[in-house]
Amino acid sequence: MNTKRERSEVSLSLSGGRLAVATAGAPVAVPPGAAAPASRRSRSRLRWRPLGLVSAAYLVALTVASLSAGWWAPIDPERQDLAHALAGPSAAHWLGTDRLGRDVLIRLLLGGRITLVSVVEAVVVFAVLGIGLGVVSGYFGGWVDRTIGWLSDLLLALPGIIVLLMVLSVFPGETLATMVVLGVISCPLLLRVTRGVTMAVRQELYVRAARLSGLTPLRVMWRHILPRLAGPIIVQVFLFAATAVLVQGALSFLGLSAPETQGPSWGNMVGEAAAVTGQDGWLAVPTGGIIALTVLALGLLGDAVHDAAVDRTRSAAALPTRPARPAGPRHGSSPTAPPGPAQHPALLSVRGLTVAFDLPGGPLTAVRDVSFDVSPGECIGIVGESGSGKTVTARSLLGLLPPHGRVTGGCARFDGLDLTALPERQLRAVRGSRIALINQEPMSGLDPSFRVGSQLAEVVRRHRHVGRAQARAKAVELLATVRLPEPEQVARRYPHELSGGMAQRVSIALALAGDPALLIADEPTTALDVTIQAEILALLRDLRSRLGTAVILVTHDWGVLADVCDRAVVMYAGEVVEQAAVTDLYRAPRHPYTQLLLRANPHVAPVGDALPTIAGTVPAPSEWPAGCRFRPRCPYAEDVCGSQAIPLVDVGSDRTTRCIRSEQVGTR
Amino acid sequence: MTHGQFLLEVRDLVVHYGHGRRRAPTTAVDEVSLCIAAGQTVALVGASGSGKSTVGNAVLGLTPAASGTVTFAGEDITHAPPGRRRALTRDIQAVFQDPYGSLNPSRTIRQTLVEPLLAHRGVEPVPARAAVSEALRSVGLTEDVADRYPAEFSGGQRQRVAIARALMVRPRLIVCDEPTSALDLSIQAQVLNLLRQLQRDRGVSYLFITHDLAIVRHIAHRIVVLRRGRVVETGTTGQVCEAPEHPYTRALLAAAPVPDPVAQRARREAYEAAAVQR
Chain A
1 MNTKRERSEV SLSLSGGRLA VATAGAPVAV PPGAAAPASR RSRSRLRWRP
51 LGLVSAAYLV ALTVASLSAG WWAPIDPERQ DLAHALAGPS AAHWLGTDRL
101 GRDVLIRLLL GGRITLVSVV EAVVVFAVLG IGLGVVSGYF GGWVDRTIGW
151 LSDLLLALPG IIVLLMVLSV FPGETLATMV VLGVISCPLL LRVTRGVTMA
201 VRQELYVRAA RLSGLTPLRV MWRHILPRLA GPIIVQVFLF AATAVLVQGA
251 LSFLGLSAPE TQGPSWGNMV GEAAAVTGQD GWLAVPTGGI IALTVLALGL
301 LGDAVHDAAV DRTRSAAALP TRPARPAGPR HGSSPTAPPG PAQHPALLSV
351 RGLTVAFDLP GGPLTAVRDV SFDVSPGECI GIVGESGSGK TVTARSLLGL
401 LPPHGRVTGG CARFDGLDLT ALPERQLRAV RGSRIALINQ EPMSGLDPSF
451 RVGSQLAEVV RRHRHVGRAQ ARAKAVELLA TVRLPEPEQV ARRYPHELSG
501 GMAQRVSIAL ALAGDPALLI ADEPTTALDV TIQAEILALL RDLRSRLGTA
551 VILVTHDWGV LADVCDRAVV MYAGEVVEQA AVTDLYRAPR HPYTQLLLRA
601 NPHVAPVGDA LPTIAGTVPA PSEWPAGCRF RPRCPYAEDV CGSQAIPLVD
651 VGSDRTTRCI RSEQVGTR
Chain B
1 MTHGQFLLEV RDLVVHYGHG RRRAPTTAVD EVSLCIAAGQ TVALVGASGS
51 GKSTVGNAVL GLTPAASGTV TFAGEDITHA PPGRRRALTR DIQAVFQDPY
101 GSLNPSRTIR QTLVEPLLAH RGVEPVPARA AVSEALRSVG LTEDVADRYP
151 AEFSGGQRQR VAIARALMVR PRLIVCDEPT SALDLSIQAQ VLNLLRQLQR
201 DRGVSYLFIT HDLAIVRHIA HRIVVLRRGR VVETGTTGQV CEAPEHPYTR
251 ALLAAAPVPD PVAQRARREA YEAAAVQR
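Below, the structure is given as structure tokens:
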């Protein structure tokens, strides 16, 4: 599975209750195999490994001993020794003797043959029918699925024990028939699991792509679907094998299958032990014990094999070399080159912010030395590609870094508080009320089971001490603030009744509930259509002018940046590369990256010839080059660019760039 | 063309969704017609929910058509049986939006790339190894990537692999469903250039599905604009982009912000003025 694409959800409780602003974080710089679930998984594998090995060894030994007992057994299992009937363990009889003085160990091993063969018969039927029908049912759907589903419901509705008794009355004492029927009537358990997983896997894009490659359904199932089923199948099969041991034992105990006349079996030996419990309690220990041990071993082995199988597929899949888009980097100017003279005292002042992720191989810096200021009412855009660190930067301001991330340097002053050093309790008080977050996925912040109005009212009550009715009125007022037509009526709707654009307006209303001085909008329009995007951007501009809220807009879209922002912080590979007022930035970019990216933009590139491109790809944090991080892709690069860390330099008023050749960039 | 003027002809295509017994089906695509000549690119443009991907799926045979016809090289393939469909994959291939999901993470690049050959064994005698390295070269990758797993590659590289897979059987038509929208700006241009170059070299046709009119200008010969499952405008790229006739096309063009604050302010004011009139 691709750890990069799994959107991790960080949800931040604004109100302690059900109301939460959830942030659908882009997967953040997950280092190779460092995903939390994977490490948990490997720990559990370690825990299971010895038990799994012991179980496997026990089962193998039991199988070998049982199947070969006929050849090597030193004692005839039927040889009676009435003088030593019901004896306890001794050197001659390791597990004692039964009431006819026969050796219990040898009889158990011989009896094991019947059990093992029965289990194999039942499991084969169970697996073939369960997997086969389940995959076919899930893959083809439609009437095939309905027919198979109907049959499996029918089988599940049959009382299993009665069916088995009927079979035994037709084939008295016939183990094979019983076990085949047991496999058939149990197969719906496996069938349902495989059907469910198949239906899910079938939706995967790569399965669709394989079909479009022209593979036959059988090949698609074999190559792409079956490997994904391994985990659930293994668990079900081992559980069923344990069940088969018990069922076979029970029937044999009742004398219905493998009666004593056909030789020893575990079931009839337990029966015999039960008959003599009054005289000798020991006999029940080895006979019952072997059944219990075998059932236990099957269960433990199933777990171990499942974990190992899942691990293998994961480790093949989870080796991203590129850090999944580290959430946006914050842009800032370095302490050495503070952003231009601020006319107003800054609302937020970020200095030298550095964020690292703790990976198994040591800490990895995802964002380095970011500094910038946000004045009251100002809109700053943090722009960059995936992996540039723009989201990480924005998230770190709210203390919403993903699990392995932490701020390792710098500070972020807001209202006289250093956000990066604030304990979680105080940070929670700032979040939502003074600084609010707007997400890319509007729905992720809304609870599907509550009406929009009541969710909003709850957040309002969280921030102000007002009564229910007042909170309710304020909620409707907020919905009107975000320009939703008929706010009263919208308040009564559930989130699923909203369109994407309306949902984003509602989540903006949620963010405004605490009258924040600063809104952090993380790709707020990326999931929306272009016409809806224009409306939301218009709303953001409108809110700024009406409420005077400052905005940090995290985006990858240079058009969005140009549309709403006053100033831009351009990030590349975890660093700020350029910072300028947007009009200056677009008119005359002073960093090669900005310049080339703007040229490659299909909006402005001339039609006809090949589009201008930037060679290469955005490097992963582990592959960031020394010196200038853009150097390998830069047409202006010289030797000196690689030999030293490039500082941010002032190039005009309130303008910085991280390029020592910015003069040439400006003139070309 | 021996079979007619166009490589692909879609006529009055209707696709329904939701075949419930109680609910009436929703019409996702309503009487859509479009034609693609050999070596041409037709862009299918619209917002999400406009039915643009559904048209692509109907052409690929992934979604059944309720009525209308899909004709490929003179052959009516609207209701082609599964066997014929599989044979058609020699000529019609697809590249999807999400390069992360479209490659099986547990199979190497080579295993993924030979799949189309497996399906058409006997038809394509080229040894698989040579075919894989040729396909990788044609998308600008080297052969040594073949034995690695998709997780080792960036989005742009994976999209190149997905394109290489489509090229394995030398198709005549590739349905590209938002092939660049998951990619970074600096990578997007590389992939668009690659698609154009492949068209020049091999004469392949594209049905290019996208929501982004800005990239359409660079890749498409003709544009079909969809809204709520219906075609609202169709024409050459120049006509549609420079002189859009339908108000919806105008809105789509005007709503996308351009990366230039001064120009964008003017556009925005014009757009908002137009919106007030609407």
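Sequence order for the protein chains is A and B.
The numbering of the first sequence is the UniProt record's numbering, which starts it at 1 and goes up by one.
The numbering of the second sequence is the UniProt record's numbering, which starts it at 1 and goes up by one.
Glycine included, every Cβ here is placed at the ideal spot set by N, Cα and C.
Computed from a prediction, not measured in an experiment: that's the story for all the values here.
DSSP state of residue i mapped onto helix, strand, coil
i	result
Met571 (chain A)	strand
Arg505 (chain A)	helix
Gly94 (chain B)	Going by the sequence as given, residue 94 (chain B) is Ala instead of Gly. Correct three-state label for Ala94 (chain B): strand.
Gly436 (chain A)	Reading off the sequence, residue 436 (chain A) comes out as Ala, not Gly. Looking at Ala436 (chain A) - three-state DSSP - the assignment turns out to be strand.
Ala366 (chain A)	strand
Gly288 (chain A)	helix
Val123 (chain B)	Low confidence applies here, because Val123 (chain B) scores a pLDDT of 49, under 50, leaving its location unreliable; read the following figure in that light. Val123 (chain B): coil per DSSP, three-state reduction.
Ser257 (chain A)	strand
Phe126 (chain A)	helix
His84 (chain A)	helix
Leu353 (chain A)	strand
Phe240 (chain A)	helix
Thr210 (chain B)	strand
Tyr149 (chain B)	coil
Ala43 (chain B)	strand
Thr408 (chain A)	strand
Phe140 (chain A)	helix
Gly160 (chain A)	helix
Thr69 (chain B)	strand
Arg493 (chain A)	coil
Ile614 (chain A)	coil
Ile215 (chain B)	helix
Thr594 (chain A)	helix
Bridge partner(s) assigned by DSSP for residue i
i	result
Gln579 (chain A)	A:Val569 and A:Thr656
Thr54 (chain B)	None, per the DSSP bridge assignment.
Ser205 (chain B)	B:Leu173
Phe414 (chain A)	A:Leu348 and A:Leu417
Tyr17 (chain B)	B:Thr26
Cβ of residue i within 8 Å of any chain A Cβ
i	result
Ile77 (chain B)	no
Val96 (chain B)	It is Phe, not Val, that sits at residue 96 (chain B) in the sequence shown. Phe96 (chain B) counts as touching chain A.
Asp260 (chain B)	yes
Tyr17 (chain B)	no
residue 305 (chain B)	It is not possible to answer for residue 305 (chain B), since the shown part of chain B is limited to 1 through 278.
Pro257 (chain B)	yes
Glu115 (chain B)	yes
Ala214 (chain B)	yes
Minimum C-alpha distance to residue i - residue among the options
i	options	result
Val370 (chain A)	A:Gly134, A:Asp358, A:Leu359 and A:Thr391	A:Thr391
Pro647 (chain A)	A:Pro635, A:Phe450 and A:Ala626	A:Ala626
Tyr149 (chain B)	B:Val262, B:Ile209, B:Ser102 and B:Ile215	B:Ser102
Leu437 (chain A)	A:Thr549, A:Phe240 and A:Gly616	A:Thr549
Ser186 (chain A)	A:Glu204, A:Leu155, A:Leu359 and A:Pro172	A:Leu155
Leu158 (chain A)	A:Val651, A:Ser137, A:Gly138 and A:Pro188	A:Pro188
His404 (chain A)	A:Ser444, A:Gly432 and A:Gly361	A:Gly361
Gln5 (chain B)	B:Leu62, B:Ser50, B:Glu75 and B:Ala58	B:Glu75
Gly235 (chain B)	B:Val42, B:His16, B:Tyr17 and B:Thr26	B:Val42
Chain B contact for residue i (CB, 8 Å cutoff)
i	result
Tyr636 (chain A)	no
Tyr206 (chain A)	yes
Thr321 (chain A)	Legend: pLDDT at Thr321 (chain A) = 35, less than 50; position of this residue unreliable, value from coordinates given subsequently. Interface residue, yes.
Val305 (chain A)	no
Asn601 (chain A)	yes
Thr393 (chain A)	no
Glu260 (chain A)	no
Gln533 (chain A)	yes
The stretch 515 to 527 of chain A contacting the stretch 470 to 490 of chain A, beta-carbon criterion three pairs below 8 Å: Under the 8 Å Cβ criterion, the stretch 515 to 527 of chain A does not count as touching the stretch 470 to 490 of chain A, having fewer than three qualifying pairs.
Would you check if there are 3 or more beta carbon pairs closer than 8 Å linking the stretch 123 to 134 of chain A to the stretch 251 to 261 of chain A? Too few Cβ pairs lie closer than 8 Å, so no.
Should the stretch 559 to 572 of chain A be called in touch with the stretch 387 to 405 of chain A, which here means at least 3 C-beta pairs below 8 Å? Short answer: they touch.
When the Cβ atoms of the stretch 443 to 458 of chain A are set against those of the stretch 494 to 505 of chain A, are three or more pairs found closer than 8 Å? Touching, yes, given that three or more Cβ pairs across the two stretches are closer than 8 Å.
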